[in-house]
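Residue numbers (this note's numbering): 43 to 139.
Here's the structure we're looking at; comments come further down.
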Ligand code: FES
């Protein structure tokens, strides 16, 4: 299980590999906001302050969207495009950037 800390809501949850951040937000009642849910609107942008390597790889759509937004997007993700991809680890996320 991977420990996910949603800093803005002070929520900690342990999830299995494959769990999406949308599922985590829905299940925990986190205040993370979603709009389009397909990587177009950037509403769900978040800063991964640790554990980025425990998430899935950014897809091309996400990479392009984040590059348009800023030049250094290495710790940014679109939560609607993210899932946990590890058996163990810790991830910390803050909403926004
Ligand atoms: S909800 Fe629109 S980009 Fe994630």
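Note that the Cβ used here is the ideal one computed from N, Cα and C, for glycine as well.
Given the structure is predicted, the values throughout are model-derived calculations rather than measurements.
For residue 79, which of 110, 120 and 139 has the nearest alpha-carbon?
Put simply, of 110, 120 and 139 the residue whose alpha carbon is nearest the alpha carbon of residue 79 is 120.
Indicate the three-state DSSP secondary structure (helix, strand or coil) for residue 128 in the structure shown.
Residue 128: coil per DSSP, three-state reduction.
Status (buried if at least 16 other CB within 10 Å, exposed otherwise) for residue 126
When all chains shown are included, residue 126 counts as buried.
Near the ligand FES: residue 112 beta-carbon under 7 Å from a heavy atom
For residue 112, the shortest separation between its Cβ and any heavy atom of the ligand FES does not lie below 7 Å.
May I have the straight-line CA-CA distance separating residue 179 from residue 107, to the nearest angstrom?
Past the edges of the chain, shown from 43 to 139, lies residue 179, and the structure says nothing about it.
If contacts are defined as beta-carbon pairs under 8 Å, then residue 90 and residue 135 qualify, I think. What distance do you get, rounded to the angstrom?
The Cβ separation is near 6 Å, so the contact holds.
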